[in-house]
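Below is one structure, written out as structure tokens; the observations come after it.
Protein chains: 2
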Amino acid sequence: MSSGPEKTGKRPYAARMPPEERRTQVLDATLKLIAERGYEGVSMEGVARATGVTKPVVYDLFGTLADLLEALLEREEERALLQLAELMPTPRADADPEEVLVDGLNAFLRSVEARPDAWRLILTPTEAMPGRVREVVETQRTRIAAQLESIVRWGLEQLTTEIEDVELLVEAIIVMVENAARQHLEDPGRYTTERLTEFTSSLLASVKR
Amino acid sequence: MSSGPEKTGKRPYAARMPPEERRTQVLDATLKLIAERGYEGVSMEGVARATGVTKPVVYDLFGTLADLLEALLEREEERALLQLAELMPTPRADADPEEVLVDGLNAFLRSVEARPDAWRLILTPTEAMPGRVREVVETQRTRIAAQLESIVRWGLEQLTTEIEDVELLVEAIIVMVENAARQHLEDPGRYTTERLTEFTSSLLASVKR
DNA sequence: GGGTATTGCTACGGTACAGTAGCTACGGTA
DNA sequence: TACCGTAGCTACTGTACCGTAGCAATACCC
Chain E
242 MSSGPEKTGK
252 RPYAARMPPE
262 ERRTQVLDAT
272 LKLIAERGYE
282 GVSMEGVARA
292 TGVTKPVVYD
302 LFGTLADLLE
312 ALLEREEERA
322 LLQLAELMPT
332 PRADADPEEV
342 LVDGLNAFLR
352 SVEARPDAWR
362 LILTPTEAMP
372 GRVREVVETQ
382 RTRIAAQLES
392 IVRWGLEQLT
402 TEIEDVELLV
412 EAIIVMVENA
422 ARQHLEDPGR
432 YTTERLTEFT
442 SSLLASVKR
Chain L
242 MSSGPEKTGK
252 RPYAARMPPE
262 ERRTQVLDAT
272 LKLIAERGYE
282 GVSMEGVARA
292 TGVTKPVVYD
302 LFGTLADLLE
312 ALLEREEERA
322 LLQLAELMPT
332 PRADADPEEV
342 LVDGLNAFLR
352 SVEARPDAWR
362 LILTPTEAMP
372 GRVREVVETQ
382 RTRIAAQLES
392 IVRWGLEQLT
402 TEIEDVELLV
412 EAIIVMVENA
422 ARQHLEDPGR
432 YTTERLTEFT
442 SSLLASVKR
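Protein sequence lines, in the order shown, are assigned to chains E and L. The first sequence runs 242 to 450 under my numbering. The second sequence runs 242 to 450 under my numbering.
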């Protein structure tokens with residue numbers, strides 16, 4: 242292990258590197274920090290320590306903690322969504338709504354599996370996030386909800402159901418999906434992708450049609 | 242601008258009162274603080290300020306912040322659960338499982354309505370809580386889950402359904418119920434008790450039997 | 001090897017909070 | 001009115017963090 246905060250000895254003069262490289266290094270360290278200790282444990286001081294440089298370096302690269310987090314979130318969100326798009330199947334027009342949902346969940350969970358730290362960042366309850374980050378995440382969530390809503394509407398049309406309140410249904414689905422992802426993150430051995438999709442599948446199967 | 246500690250002049254010597262009374266006063270102030278600004282905004286310093294006394298007073302009454310929070314949680318949990326028990330109907334043996342769940346949710350939401358601050362305390366995502374408090378809440382949650390599990394098992398027996406994974410079902414239900422409560426706390430006008438129970442009712446109605 | 005832009009650092013001053021020691025003022029009692 | 005126990009206070013030490021000014025080391029170039 243070549244990296245890690247050295248104990249009490251004097252900090253060795255950190256290896257020089259071009260700003261862009263250091264930037265990604267700092268972002269990596271921050272992501273790891275948050276994954277390990279939550280948003281609470283994050284500070285410019287701590288980030289600098291974890292990166293193996295001193296504060297002014299971090300301040301020079303990202304003006305404030307908010308900016309740093311925003312940059313991190315942007316990077317991870319892009320990566321995560323991009324990868325999710327890769328895994329997400331594009332449903333044919335004549336597809337079974339049930340199947341679409343299950344496949345979607347499956348793709349999502351596999352994306353979570355592939356980039357757990359990134360998703361931990363996003364799936365952390367907003368109450369625990371610093372104000373600025375919360376906004377970004379909530380905006381994104383709203384956007385996803387809107388997309389999901391159209392799918393659900395289309396799905397409901399094909400069912401004989403008494404559910405009228407599509408808004409609540411969409412929110413309920415989101416909450417359940419996010420919960421599944423959190424469970425998987427917390428204990429992947431217990432909450433396997435298979436188990437979670439299997440459950441969802443049987444849940445949907447027991448809805449009247 | 243004008244909220245918070247008075248700027249000018251010395252703190253007036255706070256009215257004397259017996260420790261027990263001061264204790265409840267401190268707990269009240271803490272509850273209000275958390276309801277308004279979340280767990281993040283809580284400190285011994287801040288609690289003392291909000292109560293209108295100085296730190297040593299708080300330290301003398303509750304040794305540490307963790308102890309204070311524990312005391313508060315205990316008090317509020319007891320009050321809340323007690324009141325919930327009052328509102329919760331005791332189902333007859335021949336009751337409809339669907340009805341039992343809907344009535345239960347209804348009782349729960351009315352309890353939340355009656356003591357919003359207390360429930361906000363408990364329903365705040367555990368990630369945002371200080372470690373000690375988290376444990377207490379999670380323990381309680383586990384206990385509730387166990388109770389719910391037996392009800393759900395009984396309910397499933399009366400349905401023709403393919404759902405096998407009772408554990409996941411119970412957890413999903415809890416998540417949805419908690420989410421309903423959070424929605425109601427966040428925007429009671431938009432997420433009324435009626436709307437939420439109505440939705441649940443129709444959701445349950447569209448499950449095969 | 002010497003010059004120099006650039007990267008990284010030391011060293012502050014400032015705020016907020018934890019936690020404690022020891023003093024002061026209140027107010028019930030004689 | 002003087003006493004004195006108790007409730008409350010001031011003032012301090014220590015820690016962790018923010019943010020910045022100005023200095024030092026390095027790597028590259030000739």
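Where is the CB? At the ideal position from N, CA and C, for every residue including glycine.
- Proximity of chain E to P366(L) at the Cβ level (cut-off 7 Å) is accounted for by P366, E368, A369, in chain order.
- Our two residues, A386(E) and F349(E), have alpha carbons roughly 15 Å apart in a direct line.
- At a C-beta separation below 9 Å, E405(E) has these neighbours in chain L: E439, F440, S443.
- Contact between L274(L) and G287(L) holds: CB atoms are separated by about 6 Å, below the 8 Å threshold.
- Shown here, V283(E) sits in coil according to DSSP, grouped into three states, outside any helix or strand.
- Under the three-state reduction of DSSP output, V448(L) falls in the strand class.
- Within the same chain, Cβ atoms closer than 8 Å to the Cβ of E379(L) are found at T367, the five residues on either side in sequence being excluded.
- For G345(E), no chain L residue has a C-beta closer than 8 Å to its own C-beta; the minimum C-beta separation is roughly 17 Å.
- For the pair V341(L) and I414(L), the CB atoms are not nearer than the 8 Å cut-off.
- Nearest CB-CB separation between V416(E) and chain L: below the 8 Å threshold.
- Taking a C-beta distance under 8 Å as the contact criterion, E281(E) and L364(E) do not qualify as a contact pair.
- Straight through space, the alpha carbons of P260(L) and D406(L) are spaced by roughly 51 Å.
- The DSSP-derived three-state label of T441(E) is helix.
- Ranked by Cα distance from D358(L), the options A336(L), P297(L), L314(L) are led by L314(L).
- Around the Cβ of W395(E), a 10 Å sphere holds fewer than 16 other Cβ atoms; the residue is exposed.
- DSSP, read as helix, strand or coil, puts M258(E) in coil.
- If you compare the alpha carbons of A276(L), E319(L), E262(L), R252(L) with that of G293(L), the shortest gap goes to R252(L).
- For D358(E), the uninterrupted alpha helix (DSSP H) segment begins and ends at 357 to 364.
- Spanning the alpha carbons of L310(L) and G430(E) requires a straight line of approximately 33 Å.
- In terms of CA proximity to T331(E), G345(E) leads the group E318(E), G345(E), Q324(E), L322(E).
- At the C-beta level, I404(E) and S443(L) come within 8 Å of one another.
- Using a 10 angstroms sphere on the CB of T295(E), the tally of other CB atoms stays under 16, which defines it as exposed.
- In terms of beta-carbon proximity, V448(L) lines the interface with chain E, with at least one pair separated by less than 8 Å.
- By the Cβ-count criterion, T271(L) is buried, with 16 or more other Cβ atoms from all chains shown falling within 10 Å of its own Cβ.
- Under the Cβ criterion of 8 Å, L409(E) is counted among the residues facing chain L.
- The beta-carbon of T383(E) is placed no less than 8 Å from the nearest beta-carbon of chain L.
- Residue contact with chain E for G279(L): present (Cβ-Cβ distance below 8 Å to some residue of chain E).
- Relative to the Cα of E408(L), the nearest Cα in the group R436(E), P297(E), A422(E), V299(E) belongs to R436(E).
- Judged by DSSP in its simplified three-state form, Q266(L) adopts helix.
- Residue-level contact by beta carbon holds for R436(E) and chain L, with a gap shorter than 8 Å.
- Interface criterion not met: the Cβ of T380(L) is under 8 Å from no Cβ in chain E.
- For G345(E), the secondary structure class from DSSP, reduced to helix, strand or coil, is helix.
- Each of Q266(L), E277(L), A446(L), A307(L) was checked against the Cα of A289(L), and the nearest Cα belongs to Q266(L).
- Looking at A422(L), R423(L), L389(L), Q424(L), the one whose alpha-carbon comes closest to that of L410(L) is L389(L).
- The alpha-carbon of M285(L) is positioned some 21 Å away from that of E318(L).
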